[in-house]
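In this note's numbering, the protein residues as written are 451 to 732.
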């Protein structure tokens, strides 16, 4: 499985606002410097130049370039090559995604009908470390007008795309990143989506506002009771070679992997005082 350990909260920052770079980096687990949608056409050149003016930690920085086939795509990649950043997000990714992006770590953003259907192949491309999906561009590519019902929940086509991208990423052993929640003040809706994302296996959730970062982090961090239960389960498993019963529940391989995932998230959130899984956990 490809390693993707940037943390659960990935914060977009307009690339033409270098004055915001450091603040974004200080608040989030990783920053996505955006050369695409967040930058007006007449600011693209300034945004590319700004990548060099306020250097950030390359290990915690992603650069979103313009889509393949657009006039700015190649120019964005050339600008990226002058920086220390080695993780690139390619929007509207589909089968046209180049096989070689110069050794960059690639996050393929599947946000069109073609991109979602191409997700299984994209996840297996050399250099791809994660898939992300996007709801609103997807619905626009279908000729629709809204990805959500009036109550704020996703329409069925968006939910299907979300699941398809998650499954494609999981099958290929790469990470999956959940879409941004555009309603900035809807922290309850964001919390519910982030809780679900963590529960089903997304590695991170992207966001567009600093206020979303703590909500996402809290959602991905398992409660102390879940951490204690996971540790107890894995400790008990050391005395069993096959299926066994723990606290009245049948335990098998998937149950143990779920417990291991809880501890990984706890360590990432600083909620587990133990640095390793119990010896012999399966």
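A virtual CB, placed ideally from N, CA and C, is assigned to each residue, including glycine.
Here the structure is a predicted model, which means the values were calculated and not measured.
Inset, instruction - Assign residue 545 to buried or exposed, taking buried as 16 or more other Cβ atoms, counted over all protein chains shown, within 10 Å of its Cβ. - result: exposed
Inset, instruction - Report yes or no: do three or more beta-carbon pairs, one from the stretch 673-681 and one from the stretch 471-487, lie closer than 8 Å? - result: no
Legend entry - 3-residue-minimum beta strand (DSSP E) runs that sit fully inside the stretch 607-659, ordered along the chain: 625-628, 654-657
Inset, instruction - Evaluate contact between the stretch 573-590 and the stretch 526-533, counting only Cβ atoms and requiring at least three cross-stretch pairs below 8 Å. - result: no
Legend entry - Proximity to residue 716 [Cα-Cα], best of 695, 688, 648, 490: 648
Legend entry - Residues near residue 728 in its chain [Cβ-Cβ closer than 6 Å; skip 5 each side]: For residue 728, the pLDDT reaches just 43, beneath the cut-off of 50, and the residue's location in the model is therefore unreliable, leaving the point undetermined.
Inset, instruction - Compare the Cα-Cα distances from residue 524 to each of 498, 502, 628 and report the closest residue. - result: 498
Inset, instruction - Can you check DSSP and say which residues form a bridge with residue 522? - result: DSSP, once it has assigned bridges, lists no residue as partnering residue 522.
Legend entry - Closest residue to residue 594 among 666, 562, 693 (Cα-Cα distance): 562
Legend entry - Cα-Cα separation between residue 603 and residue 468, rounded to whole angstroms: 34 Å
Inset, instruction - Could you check which residue in 507, 463, 556 has the C-alpha nearest to that of residue 619? - result: 556
Inset, instruction - Please confirm whether residue 634 and residue 653 have their CB atoms less than 8 Å apart. - result: no
Inset, instruction - Drop a sphere of 10 angstroms on the beta-carbon of residue 522, count the other beta-carbons inside from all chains shown, and report buried for 16 or more, exposed for fewer. - result: buried
Inset, instruction - Buried or exposed for residue 517, please, with buried defined as at least 16 other CB atoms from any protein chain shown within 10 angstroms of its CB. - result: buried
Inset, instruction - May I have the straight-line CA-CA distance separating residue 718 from residue 712, to the nearest angstrom? - result: 10 Å
Inset, instruction - Reducing DSSP to helix, strand and coil, say where residue 535 ends up. - result: coil
Inset, instruction - Give the DSSP-derived three-state secondary structure of residue 469 in the structure shown. - result: helix
Legend entry - Other residues of its chain near residue 470: CB distance less than 8 Å, five sequence neighbours each side excluded: 463, 464
Legend entry - Beta-carbon proximity of residue 669 to residue 641, cut-off 8 Å: yes
Legend entry - Terminal residues of the alpha helix (DSSP H) in which residue 699 lies: It is not in any alpha helix (DSSP H) - residue 699 instead sits in the beta strand (DSSP E) that spans 699-701.
Inset, instruction - Report yes if the C-beta distance between residue 507 and residue 475 is below 8 Å; otherwise report no. - result: yes
Legend entry - Whole-angstrom distance between residue 490 and residue 590, CA atom to CA atom: 20 Å
Legend entry - Straight-line gap, residue 574 to residue 454 (C-alpha atoms, nearest Å): 15 Å
Legend entry - Residue environment, residue 503, which counts as buried when at least 16 other CB atoms sit within 10 Å: exposed
Legend entry - Closest residue to residue 613 among 599, 629, 601 (Cα-Cα distance): 629
Legend entry - Length of the line joining the Cα atoms of residue 692 and residue 702: 7 Å
Inset, instruction - For chain B, find out if any of its Cβ atoms is closer than 8 Å to the Cβ of residue 682; answer yes or no. - result: Chain labels in this structure do not include chain B; a single protein chain is all it has.
Legend entry - Contiguous alpha helix (DSSP H) assignments of at least 4 residues, all confined to the stretch 486-512: 494-500
Legend entry - Which listed residue (560, 665, 486) has its alpha carbon closest to that of residue 615: 560
Inset, instruction - Have a look at residue 448 and residue 542 and give me their C-alpha separation to the nearest angstrom. - result: This structure leaves residue 448 out entirely; the chain is present only between 451 and 732.
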